[in-house]
Amino acid sequence: MASSARSPAPRAAHADTMWTRLPPLARHGVCLGIFLVLALSFYSPVVFEGNTFQGGDNTTFRANAQVTIEHHEQTGEWPRWAPNVFSGMPYINYKTAVTQLDDVVSMARSVAWPVGHLFVLMMGVYFLVFYLTRNQFSGLLSGVAFGFTTYIPIIIAVGHNTKFIALAYAPYVLLAFAYTLRNPSAWGSLLFAGALALQLRAKHPQIVFYTGMLLLLWWGVEVIGAVREDRVPALATSTGWLGLGTVLGLCMAAHPYLARYEHKQFSVRGAAATAGGGDGGGGGGMGWEAAMRWSQGPGELFTFAVADAFGGGGQTYWGPKTFTEGPHYLTGVVLSLAGLAAWKVRTWLVWGLGLATLGTALFSLGKYAAWINWPFFQYFPFFDAFRGPEMWLSITALALIVLAGIGLDYALRRDETQSRRQRQQTDPRRRPILIAFGVVFAVVGLVWLAPNTVLDFEKPNEEQRIRQALLRQNPNVSPQNPKVQQAVRQQVRKLKRQRRGAFSTDAQRTLLFLALAAGALVLYRRRTLPAWGAGVAVVAVVAIDLWGVDTRYMNEDRYSPGGTEQTIPTYQFDQFIKQRQQEAGGLGRFRVLSLAEGNPTSTARPSYHYESVGGYHGAKLQRYQDYLDHILQLTERGGPNENALDLMNTRYIVARQQLPGTEVAYRSEQSGVLVLENPDAVPRGFLVGETEVVDGAEATWEQLRDSSFEPRRTALLPEPLDAPVAPIDSNSTADVTLEQYEPEEIRWTVSTDAPRFFVASEVHYPAGWNAYLDGERVPIHRTNYLLRGMHVPEGEHTLEMRFEPAADRYGRWIAWTSTILVYGGVLTLAGLRVRRRWFEEEAADEADAS
958 MASSARSPAP RAAHADTMWT RLPPLARHGV CLGIFLVLAL SFYSPVVFEG
1008 NTFQGGDNTT FRANAQVTIE HHEQTGEWPR WAPNVFSGMP YINYKTAVTQ
1058 LDDVVSMARS VAWPVGHLFV LMMGVYFLVF YLTRNQFSGL LSGVAFGFTT
1108 YIPIIIAVGH NTKFIALAYA PYVLLAFAYT LRNPSAWGSL LFAGALALQL
1158 RAKHPQIVFY TGMLLLLWWG VEVIGAVRED RVPALATSTG WLGLGTVLGL
1208 CMAAHPYLAR YEHKQFSVRG AAATAGGGDG GGGGGMGWEA AMRWSQGPGE
1258 LFTFAVADAF GGGGQTYWGP KTFTEGPHYL TGVVLSLAGL AAWKVRTWLV
1308 WGLGLATLGT ALFSLGKYAA WINWPFFQYF PFFDAFRGPE MWLSITALAL
1358 IVLAGIGLDY ALRRDETQSR RQRQQTDPRR RPILIAFGVV FAVVGLVWLA
1408 PNTVLDFEKP NEEQRIRQAL LRQNPNVSPQ NPKVQQAVRQ QVRKLKRQRR
1458 GAFSTDAQRT LLFLALAAGA LVLYRRRTLP AWGAGVAVVA VVAIDLWGVD
1508 TRYMNEDRYS PGGTEQTIPT YQFDQFIKQR QQEAGGLGRF RVLSLAEGNP
1558 TSTARPSYHY ESVGGYHGAK LQRYQDYLDH ILQLTERGGP NENALDLMNT
1608 RYIVARQQLP GTEVAYRSEQ SGVLVLENPD AVPRGFLVGE TEVVDGAEAT
1658 WEQLRDSSFE PRRTALLPEP LDAPVAPIDS NSTADVTLEQ YEPEEIRWTV
1708 STDAPRFFVA SEVHYPAGWN AYLDGERVPI HRTNYLLRGM HVPEGEHTLE
1758 MRFEPAADRY GRWIAWTSTI LVYGGVLTLA GLRVRRRWFE EEAADEADAS
């Protein structure tokens, strides 16, 4: 078996054609031009018509980031703390401070999103496959296939932008990995470091981890090959350079990852301590059940070949997941060519990509393949940190598409050692091509002819859901009425017919495109069609196939005129609250809990308009999650706990009915929505005259919920103060005035006639917030389980809080140092190569002259 560590074999000579007469750079230019034209054409409503995507994640991000965006517009600085989401949390809109190559692409984002990054993605796949095959058509096929596999337009449409950008840089990581395997050197190490840093800076560690797993599986096959072929020293050298590149790449991304990693330890994804009452810390991940949600059903892998095998996405989807936006469709042609490569191109590279394909596909099955996923979840580092196993299929698709490019290269190669007559009579590659395409054709054809033998076309528990819907519409009908069951069966039969029809249509599409691509390759093998004609035909078939399916998920309904902020609704009650906020002095005066739109932890819309007690984010602070679950208790009868509302400076509650202890401040005439005022809400900063030590989280929660607890009088602490606190009576002149409130800096004037304890109704986050009393740093005590508190001596003082995370500062320094080292090393080595080549050319000219 050939080693993938060796350079690809030279291409066999082809007949003189228009394509082969073009210089190599011109051929590359044509291929890249095709990518650009396809990208611009597909996303023309965004690029040329000024539309934006209506995806839920786009609006969620914009709502969460609104305060940071406004602050940047006013000051030119991006704050790292967002006070409008879950009463305040870090790194909502965290910008990288170190300039690298990805900033060049990002500069065009405002006018060319998502075309710029899509072009980068397709170009990366193109050069990866070209490097492995030296075949432009192979690179062209793979670039088009990955750029337009249905998962890409779907994640762009719904707003999974960081995921898309991370996938755009994944091919460059693979390219640098392959190059370093074949050419172990400092040059390869630096290239790998740069590529890894670019993918890391996309800020989607899940895709980076999945890409790393692909490389690990590939490397494992290389180890087997090295042992069998006595190449262990060479592979060890390559591995060493890759290890160095990994370290450098991680250092280049220390900003933002050092601070993000620190934040993870305090978030719901980091298993921060709760019952123990600590300040966080554990590095564990989420539970098995949470992590395995959105496991890919084993049968759903058939959507690689038939897009609508499980109904596509949205309302028509009938698979085992709760819902999905669409399938992972690759086309039958890509699967056939990938299978051809795995069968006939017997190199360690192909086997490595094959193992990566199998491994990542099994990981995507999640709970349905617990025999492999459970051990990895328990013992493999970081495997338990991510949810949504279906996402593994994005890497499965990349591996399959690279294999398809290698398969097309195999199909387009000639054996020039045979005579023309021998090749026409006994072409050794025609039969494998027909078998590879024939296997996929036969599987799809058999399922098309007998779909009920493989697919049942019924969503789990569908009859029960239909029955419940019918009974809700007809509350006077008994569930035992025979007509109910008859109506349920009729509805199920109707749905099944529709689903079978959609599957049959898409199966026929797949069969047609398989026949067209196979026919083009057979004509080429018979010398009826030139190589460039066959290559263009196969690429065109795949492009047309994917384009037709992609437009189902990237259609007019996905676009909205104007900016993302215009898709976020503003209601009359929002205007009322914003007016009150402006009258009160702006940020930092009060918070709002919105109950009128359902669960306040499932929508980010209110965070766009004002400081919200709720929000929507996958990495909220664990301590705040405890507040929601155990103190506020939104799900309890009688509404949210009154003390919990008071603690978080919740002045207004948006609801559909009045809550105890509130007054109606506004009633919407159109919707009937009420804005309730809570007169007992504590101010953002205040003094108390008593502190009480409570041991344990559950005891603290219970006392905070108790109606006898008075947050304006007493502060609960996990450990005693080392300084006295005097009670506040009616004669006290203690006073607190909020002077300045910015996302990263808060300033109060505090006047007290005796030592007191200051409570800030701000979320406690020990990894960033510092307190300064008259310019001197003082300790922040965790107060009332999730707030901040400080001891204040007698007198008049200026109290400041600043967000100064050390991890952010250290991350910048490490990232700048390593970036200068890597980019400087690349430029130095490139200069030495050019200089060496110049001297060699000079020496050759002198030799010719003599």
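Residue numbers are given in this note's numbering: position 100 of the sequence shown equals residue 1057, and the series is strictly consecutive.
Idealized CB from N, CA, C, for every residue including glycine.
Since this is a predicted model, take the numbers as computed values, not measurements.
Taking the C-alpha atoms as reference points, what is the distance between residue i and residue j?
| i | j | result |
| --- | --- | --- |
| residue 1809 | residue 1223 | No statement about residue 1809 is possible, as the shown extent of the chain runs from 958 to 1807 and does not include it. |
| residue 1584 | residue 1743 | 7 Å |
| residue 1429 | residue 1256 | 33 Å |
| residue 1425 | residue 1008 | 40 Å |
| residue 1528 | residue 1612 | 13 Å |
| residue 1644 | residue 1751 | 12 Å |
| residue 1515 | residue 1010 | 6 Å |
| residue 1476 | residue 1782 | 49 Å |
| residue 1665 | residue 1414 | 57 Å |
| residue 1233 | residue 1354 | The pLDDT assigned to residue 1233 is 42, lower than 50, so where the model puts this residue is not dependable; a value taken from the coordinates is nonetheless given after this. Each residue's Cα considered, the two are about 44 Å apart. |
| residue 1789 | residue 1025 | 45 Å |
| residue 1714 | residue 1748 | 5 Å |
| residue 1042 | residue 1471 | 50 Å |
| residue 1560 | residue 1522 | 15 Å |
| residue 1668 | residue 1416 | 51 Å |
| residue 1787 | residue 1087 | 21 Å |
| residue 1197 | residue 1213 | 26 Å |
| residue 1029 | residue 1021 | 14 Å |
| residue 998 | residue 1473 | 24 Å |
| residue 1239 | residue 1453 | Note on residue 1239: pLDDT 45, under 50, position unreliable in the model; the coordinate value appears next. Near 48 Å, if we compare the C-alpha coordinates of residue 1453 and residue 1239. |
What residues are listed by DSSP as bridge partners for residue i?
| i | result |
| --- | --- |
| residue 1760 | 1726 |
| residue 1707 | 1693 and 1754 |
| residue 1611 | 1551 and 1632 |
| residue 1224 | 1578 |
| residue 1038 | 1047 |
| residue 1745 | 1717 and 1739 |
| residue 1643 | 1716 |
I'd like to know whether the C-beta atoms of residue i and residue j end up nearer to each other than 8 Å.
| i | j | result |
| --- | --- | --- |
| residue 1725 | residue 1699 | no |
| residue 1085 | residue 1131 | yes |
| residue 1573 | residue 1525 | no |
| residue 1401 | residue 1264 | no |
| residue 1282 | residue 1083 | no |
| residue 1813 | residue 1649 | No statement about residue 1813 is possible, as the shown extent of the chain runs from 958 to 1807 and does not include it. |
| residue 1218 | residue 1302 | no |
| residue 1434 | residue 1441 | yes |
| residue 1215 | residue 1768 | yes |
Kindly indicate which residue of the options has the alpha-carbon position closest to the one of residue i.
| i | options | result |
| --- | --- | --- |
| residue 1683 | 1647, 1672, 1677 and 1656 | 1647 |
| residue 1044 | 1776, 1652 and 1601 | 1601 |
| residue 1167 | 1317, 1327 and 1591 | 1317 |
| residue 1285 | 982, 1107, 1632 and 1250 | 1107 |
| residue 1151 | 1033, 1365 and 1205 | 1205 |
| residue 1396 | 1343, 1355 and 1468 | 1468 |
| residue 925 | 1089, 1111 and 1055 | This structure does not reach residue 925, given that the chain is present from 958 up to 1807, and the question cannot be answered. |
| residue 1838 | 1386, 1592, 989 and 1635 | Residue 1838 lies beyond the stretch modelled for the chain, which goes from 958 to 1807, so this question has no answer here. |
| residue 1660 | 1032, 1367 and 1589 | 1589 |
| residue 1091 | 1365, 1279, 1301 and 1079 | 1365 |
| residue 1622 | 1582, 1795 and 1536 | 1536 |
| residue 1776 | 1202, 1745 and 1444 | 1202 |
| residue 1756 | 1458, 1270, 1735 and 1244 | 1735 |
| residue 1277 | 1022, 1252 and 1766 | 1252 |
| residue 1340 | 1279, 1512, 1411 and 1226 | 1226 |
| residue 1109 | 1124, 1098 and 1453 | 1124 |
| residue 1687 | 1061, 1694, 1670 and 1696 | 1670 |
| residue 1576 | 1587, 1058, 1563 and 1558 | 1558 |
Closer than 8 Å, CB to CB, is residue i near chain D or not?
| i | result |
| --- | --- |
| residue 1032 | The structure shown has no chain D; it contains just one protein chain. |
Just checking, does the stretch 1494-1501 make contact with the stretch 1285-1297 on the three C-beta pairs under 8 Å criterion? yes
Taking one C-beta from the stretch 1330-1338 and one from the stretch 1051-1071 each time, how about it: are there three or more such pairs within less than 8 Å? no
Are the stretch 1389-1406 and the stretch 1476-1494 touching by the rule of at least three beta carbon pairs closer than 8 Å? yes
Using 8 Å as the cut-off, can you tell me whether the stretch 1167-1186 makes contact with the stretch 1341-1360, which would need three or more C-beta pairs spanning the two stretches below that distance? yes
Between the stretch 1714-1723 and the stretch 1015-1035, are three or more C-beta pairs nearer than 8 Å? no
Does the stretch 1342-1349 come close enough to the stretch 1061-1080 to have 3 or more Cβ pairs within less than 8 Å? no
Are three or more beta carbon pairs between the stretch 1137-1146 and the stretch 1540-1556 nearer than 8 Å? no
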